[in-house]
Amino acid sequence: MKRPTIVLTGGGTAGHVSVNEALIPIFQERGYEVHYIGSHDGIEVELIKNRQPSVTYHAIQSGKLRRYFSMKNFTDPFRVGAGFFQALSIIRKVKPELIFSKGGFVSVPVALAGQVSRVPVVVHESDVTPGLANKLALPFATHIFTVFEQTLAHVTKAKATCSGAIIRPELFDGRRERGLQRAGFTGDKPIIIVMGGSQGSKILNGAVRNELEQIRKTFDVIHLCGKDNLESTYSNTDGYRQYEYVTDELPDLLAASDFAVSRAGSNAIFELLALQIPMLLIPLSAAQSRGDQILNANYFQSLGLANVLAEEEIVDKSFSEELISFKNNKQILIDKMSEVKKPKTPKMMVELIMAFKK
């Protein structure tokens with residue numbers, strides 16, 4: 006007897022994949038055959054295709070809708086069209102009970118193909134306001150789950166629910182001792198983990214490295230600098246450990262960290278909140294984005310859950326001095342974090358999602 010099937014989609018950044026990573030084993034425990042529709046070259050190839058052998062991965066053409074002039078703006082609509090027909094063929098072949106979309110531009114043709122195939126499409130939106138890809142996908146959605154209550158004002162309320170954040174359970178399995186061993190630190194100094202996202206942040210990487218000597222007087226530093234951003238100059242620097250991107254090591258490195266400096270993507274900040282790691286958020290500027298990270302960061306700051314530093318301020322202020330000020334605010338942040346209700350577990354989220362299956 007053929008097992009029931011579910012299709013997951015999402016890609017482009019780690020934030021559009023990590024929730025799917027958390028849900029996959031739960032769907033499999035419930036007896037589902039899991040198929041994933043992603044791009045040919047996005048981060049989902051590494052995180053799903055190369056690391057999830059029990060998941061059938063399908064790569065489709067994927068365009069990107071840019072807010073700036075690019076010659077690719079003239080060709081990418083054709084790639085999106087091709088992706089739609091590829092997704093349609095996959096969906097009609099595997100006959101899923103439901104499609105779950107986490108966002109990213111690869112998800113748009115999948116959501117449209119799902120609606121055309123009359124397969125329920127459930128969309129998950131992590132930010133305060135929907136991203137462009139999810140805005141395009143929402144008309145094809147059967148239901149929309151949001152992380153923030155405020156997001157409900159930007160979607161069709163009749164088919165939307167605020168479910169809160171979903172946290173990968175393996176993050177709670179980290180051990181400080183293993184993290185110290187991985188980083189090569191003794192734990193004598195407070196440890197700060199710097200996370201610039203899967204693609205890295207030139208501004209954040211520069212701020213850390215330009216003042217590294219001063220920063221190391223107070224902190225040992227774990228630096229997740231992004232793909233192709235390792236600097237051999239710092240390979241043997243005491244109190245400084247750099248990685249492009251981590252997967253299996255992340256729970257242990259977080260367990261070893263006393264503080265975090267991070268971009269303000271929704272998944273990352275809710276994970277730090279769940280682990281009660283005090284965070285200094287440096288959101289992607291409005292000049293480089295639609296401003297969603299600024300909204301996320303300001304919301305957390307308004308609740309007393311994080312310190313926030315604008316990208317523009319990094320140039321004008323001493324980054325090492327900002328870190329000292331942040332360090333002195335540790336207990337206030339932890340006290341506020343402890344008051345927040347627990348996030349959804351993947352099992353709880355799957356129960357909500359499956360209510361919309363065929």
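Sequential numbering from 6 applies to the sequence shown in the numbering used here. For glycine and all other residues, C-beta sits at the position ideal for the given N, C-alpha and C.
6 Å CB neighbourhood of residue i in its chain, flanking five on each side removed
{"i": "K107", "result": "G15, H21, V24, N25 and H129"}
{"i": "A87", "result": "Q66"}
{"i": "T61", "result": "H40"}
{"i": "N333", "result": "none"}
{"i": "L117", "result": "F89 and F145"}
{"i": "F331", "result": "L285 and N312"}
{"i": "V99", "result": "T10 and H40"}
{"i": "F74", "result": "With a pLDDT of 48 at F74, under the threshold of 50, the modelled position of that residue is not reliable, and the figure given next carries that caveat. Excluding positions up to five away in sequence, the list is empty."}
{"i": "A212", "result": "I319 and F324"}
{"i": "A273", "result": "S267"}
9 Å Cβ cutoff met for residue i and residue j
{"i": "A27", "j": "R173", "result": "yes"}
{"i": "R295", "j": "L103", "result": "no"}
{"i": "K341", "j": "L310", "result": "yes"}
{"i": "H148", "j": "T166", "result": "yes"}
{"i": "K54", "j": "G43", "result": "yes"}
{"i": "E216", "j": "L229", "result": "no"}
{"i": "G183", "j": "A302", "result": "The amino acid occupying residue 183 in the given sequence is Arg; Gly does not appear at that position. No, the pair does not count as a contact, with Cβ atoms beyond the cut-off."}
{"i": "P195", "j": "D225", "result": "yes"}
{"i": "F32", "j": "I48", "result": "no"}
{"i": "S59", "j": "I96", "result": "no"}
{"i": "I198", "j": "S271", "result": "no"}
{"i": "G222", "j": "P283", "result": "At residue 222 the sequence reads Lys, which differs from the Gly that was named. It is not a contact, given that the beta carbons lie outside the stated cut-off."}
Residue i to residue j span [Cα, whole Å]
{"i": "K164", "j": "I358", "result": "13 Å"}
{"i": "L141", "j": "I329", "result": "43 Å"}
{"i": "S131", "j": "Q219", "result": "36 Å"}
{"i": "N312", "j": "P9", "result": "46 Å"}
{"i": "K352", "j": "V152", "result": "16 Å"}
{"i": "L176", "j": "R268", "result": "18 Å"}
{"i": "L285", "j": "Q91", "result": "42 Å"}
{"i": "Q155", "j": "F275", "result": "16 Å"}
{"i": "D193", "j": "N241", "result": "19 Å"}
{"i": "V266", "j": "D178", "result": "21 Å"}
{"i": "Y304", "j": "F190", "result": "34 Å"}
{"i": "K349", "j": "I227", "result": "28 Å"}
{"i": "K162", "j": "I171", "result": "21 Å"}
{"i": "D253", "j": "L314", "result": "29 Å"}
{"i": "S168", "j": "M354", "result": "8 Å"}
{"i": "A279", "j": "L157", "result": "23 Å"}
{"i": "P30", "j": "D321", "result": "46 Å"}
{"i": "E356", "j": "E34", "result": "12 Å"}
For residue i, the three-state DSSP class (helix, strand or coil)
{"i": "D225", "result": "strand"}
{"i": "Y73", "result": "Below a pLDDT of 50, predicted positions are generally treated as unreliable, and Y73, at 48, falls in that range; the measurement from the model is reported next regardless. It is coil, neither helix nor strand."}
{"i": "A64", "result": "strand"}
{"i": "G43", "result": "strand"}
{"i": "L285", "result": "strand"}
{"i": "S106", "result": "strand"}
{"i": "K346", "result": "coil"}
{"i": "R295", "result": "coil"}
{"i": "Q57", "result": "coil"}
{"i": "T191", "result": "coil"}
{"i": "A265", "result": "strand"}
{"i": "R35", "result": "coil"}
Beta-carbon proximity list for residue i, same chain, < 8 Å, skipping 5 on both sides
{"i": "K363", "result": "E102, L103, V124 and P125"}
{"i": "V160", "result": "E130, P135, L143, I149 and T151"}
{"i": "S343", "result": "Q281"}
{"i": "V127", "result": "L103, I104, F105, S106, A146, T147, H148, I149, F150, I358 and F361"}
{"i": "V85", "result": "Q66, S67, G68, F110, V113 and P114"}
Given residue i as reference, the closest of the options once Cα atoms are compared
{"i": "A188", "options": "Y245, T156 and V152", "result": "Y245"}
{"i": "I319", "options": "E276, V113, F361 and I287", "result": "I287"}
{"i": "F145", "options": "K232, A170, V115 and H45", "result": "V115"}
{"i": "H63", "options": "H45, R84, R56 and L52", "result": "H45"}
{"i": "L338", "options": "K322, V355, E317 and L277", "result": "L277"}
{"i": "S94", "options": "F110, F83, G119 and P30", "result": "G119"}
{"i": "N210", "options": "Q247, L157, Q306 and S307", "result": "Q247"}
{"i": "E327", "options": "A273, F264, E38 and S307", "result": "F264"}
{"i": "L52", "options": "F83, G17 and E38", "result": "G17"}
{"i": "G201", "options": "L185, K232 and Q186", "result": "K232"}
{"i": "K7", "options": "Q306, E316, I208 and E38", "result": "E38"}
{"i": "E317", "options": "Q57, I208, Q306 and L308", "result": "I208"}
{"i": "V251", "options": "Q306, R56 and E34", "result": "R56"}
{"i": "L258", "options": "V50, L157 and L185", "result": "L185"}
Own chain, CB closer than 7 Å to residue i, minus 5 neighbours either side, in chain order
{"i": "S325", "result": "E216, Q219 and I220"}
{"i": "L289", "result": "R268 and Q298"}
{"i": "S112", "result": "T14, G15, S106, A138 and A142"}
{"i": "R214", "result": "E236 and Y239"}
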